[in-house]
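Residue numbers (UniProt numbering): 1 to 342. C-beta: ideal position from N, C-alpha, C; glycine also. Given the structure is predicted, the values throughout are model-derived calculations rather than measurements. These notes are about the structure you will find just below.
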């Protein structure tokens with residue numbers, strides 16, 4: 001029968017990392033929400049030789065390196081369907097950006113990088129995963145491997161049927177007994193196999209402009225997820241994505257801000273939001289700045305004053321003051337506007 005787990009807060013993120021390792025494979029996870037804002041739900045449906053898992057969670061990054069593979073490798077393909085915010089995936093030198101409704105494939109035996117993008121407005125990442133044993137998949141290994149880390153073709157008959165089937169099965173699985181779920185596993189494998197067989201005949205290399213857009217999106221997500229690292233700078237970003245700093249700057253020539261400006265702006269905006277959050281009132285300004293990557297309080301204070309026109313302590317005091325009638329005695333001024341990149 002389906003099993004559902006719901007997690008929240010900092011302890012929940014640690015549990016989530018362990019659960020993903022058990023249900024899918026060992027990975028390293030990081031998220032800017034690994035505090036009391038973290039939320040996640042996982043539902044697992046056993047289907048005999050396969051299964052169906054549904055995940056909903058605060059945006060994060062996932063990395064599977066050679067060390068993770070040595071620690072535990074179920075030797076499976078995973079076919080996944082994106083329901084929520086966009087997902088960036090990289091495997092075997094392929095990269096793809098998958099929007100809601102898209103499908104992708106990854107292999108547990110190769111290093112993998114996934115970015116579950118933060119699109120704001122308290123939106124969660126949501127995906128469905130189907131594990132596929134290689135010996136049960138009637139698709140040649142080399143042809144299946146060519147699909148790893150790519151956006152699988154959308155709009156095919158088998159793809160449309162599979163997406164509808166996954167949604168229906170997740171909704172109705174609780175009404176099926178173990179014997180019926182086992183029989184449904186055969187249908188799941190058949191649909192997934194038909195879809196992947198079709199995909200191996202219709203994939204084509206991504207246009208250069210699309211590959212460039214995917215890389216820029218992955219770089220943005222990497223920056224967003226690692227603002228707490230004091231060493232985050234253009235050189236670190238370039239090294240992680242196996243490109244030169246010069247190429248990194250060229251990628252962002254037509255973007256609204258440079259990589260360094262994006263790091264500065266996002267760090268300041270995150271600390272600004274923390275300063276106004278009453279749940280973090282027990283933390284000092286220096287501690288809130290440090291958790292967003294500022295090594296030295298003096299540097300942070302100067303940057304904050306330059307961006308917002310007042311010291312962080314004064315901003316915190318104004319943000320925490322109850323609002324009164326506009327223009328009346330003791331009225332609280334509006335917070336300063338967000339800092340803009342340079």
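Q: Can you give me the Cβ contacts of residue 30 inside the same chain, cut-off strictly under 6 Å, excluding the 5 residues immediately before and after it?
A: Within its own chain, the residues whose Cβ lies closer than 6 Å to the Cβ of residue 30, once the five positions on either side in sequence are excluded, are 61 and 225, listed in chain order.
Q: Provide the residue span of the alpha helix (DSSP H) that contains residue 160, from first to last.
A: Here the alpha helix (DSSP H) through residue 160 covers 157-172.
**Q.** residue 18 versus 107, 72, 129 and 139, residue with shortest Cα-Cα distance
**A.** Taking only the C-alpha atoms, the option nearest residue 18 is 72.
Q) With 16 other CB atoms within 10 Å as the buried threshold, where does residue 160 fall? A) The residue in question, residue 160, is exposed, as its Cβ has fewer than 16 Cβ neighbours within 10 Å.
**Q.** Bridge-paired residues (DSSP) for residue 53
**A.** Here residue 53 is bridged, per DSSP, to 44 and 129.
Q. Within this structure, are the beta carbons of residue 285 and residue 251 separated by less than 7 Å?
A. Cβ distance not < 7 Å, so residue 285 and residue 251 don't count as in contact.
Q.
Beta-carbon within less than 6 Å of residue 116's beta-carbon, same chain only, minus the 5 sequence neighbours each way: which residues are those?
A. Taken in chain order, the residues that qualify are 59, 60, 87 and 125.
Q. How would you write the range of the beta strand (DSSP E) that residue 88 sits in, first residue to last?
A. 87-91 is the span of the beta strand (DSSP E), which, as asked, contains residue 88.
**Q.** Under 7 Å between C-beta atoms of residue 114 and residue 130
**A.** Contact flag unset, no.
Q: Just grab the DSSP bridge partners of residue 103 for me.
A: Bridge pairing for residue 103: 81 [DSSP].
(Q) Could you compute how far the alpha carbon of residue 53 sits from the alpha carbon of residue 97? (A) Here the alpha carbons of residue 97 and residue 53 stand approximately 21 Å from one another.
Q: Inspect the beta-carbon positions of residue 173 and residue 45 and report whether they are closer than 7 Å.
A: Contact: yes.
Q | Nearest candidate by alpha-carbon position, reference residue 128, set 145, 270, 57 and 309 | A | Among 145, 270, 57 and 309, the Cα nearest to that of residue 128 is on 57.
Q. With burial defined as no fewer than 16 other Cβ atoms inside 10 Å of the residue's Cβ, what is the status of residue 201: buried or exposed?
A. Using a 10 angstroms sphere on the CB of residue 201, the tally of other CB atoms stays under 16, which defines it as exposed.
Q: Could you round the C-beta distance between residue 123 and residue 168 to whole angstroms and report it? I think they count as a contact, below 8 Å.
A: Taking a contact as a CB-CB distance under 8 Å, the pair residue 123 and residue 168 does not count as one, their CB atoms being some 24 Å apart.
Q) Does the Cβ of residue 247 have 16 or more other Cβ atoms within 10 Å, making it buried, or fewer, making it exposed? A) Residue 247 should be labelled exposed.
Q) What are the boundary residues of the alpha helix (DSSP H) that includes residue 236? A) Unbroken alpha helix (DSSP H) run through residue 236: 234-240.
Q. Run through DSSP, which three-state label would residue 116 get?
A. Correct three-state label for residue 116: strand.
Q. Are the CB atoms of residue 79 and residue 139 nearer to each other than 7 Å?
A. Going by beta carbons, residue 79 and residue 139 fall outside the 7 Å limit.
Q: Would you list the one or two residues that DSSP bridges to residue 62?
A: Paired residues: 29 and 114.
Q. Which class does residue 95 belong to by DSSP, given the choice of helix, strand or coil?
A. Looking at residue 95 - three-state DSSP - the assignment turns out to be strand.
Q) Of the choices 296, 320 and 267, whose alpha-carbon is the least far from that of residue 350? A) Residue 350 lies beyond the residue range present for the chain, which begins at 1 and ends at 342; the question has no answer from this structure.
Q. When you compare each of 258, 133 and 163 to residue 102 by their alpha carbons, which one comes out closest?
A. Ranking 258, 133 and 163 by Cα distance to residue 102 puts 163 first.
**Q.** Continuous alpha helix (DSSP H) stretch holding residue 249: start and end
**A.** Where residue 249 is concerned, the enclosing alpha helix (DSSP H) stretches over 245-251.
Q.
Quick check on the DSSP output: the alpha helix (DSSP H) that includes residue 269 runs from which residue to which?
A. Looking at the DSSP string, the run of the alpha helix (DSSP H) that includes residue 269 is 259-275.
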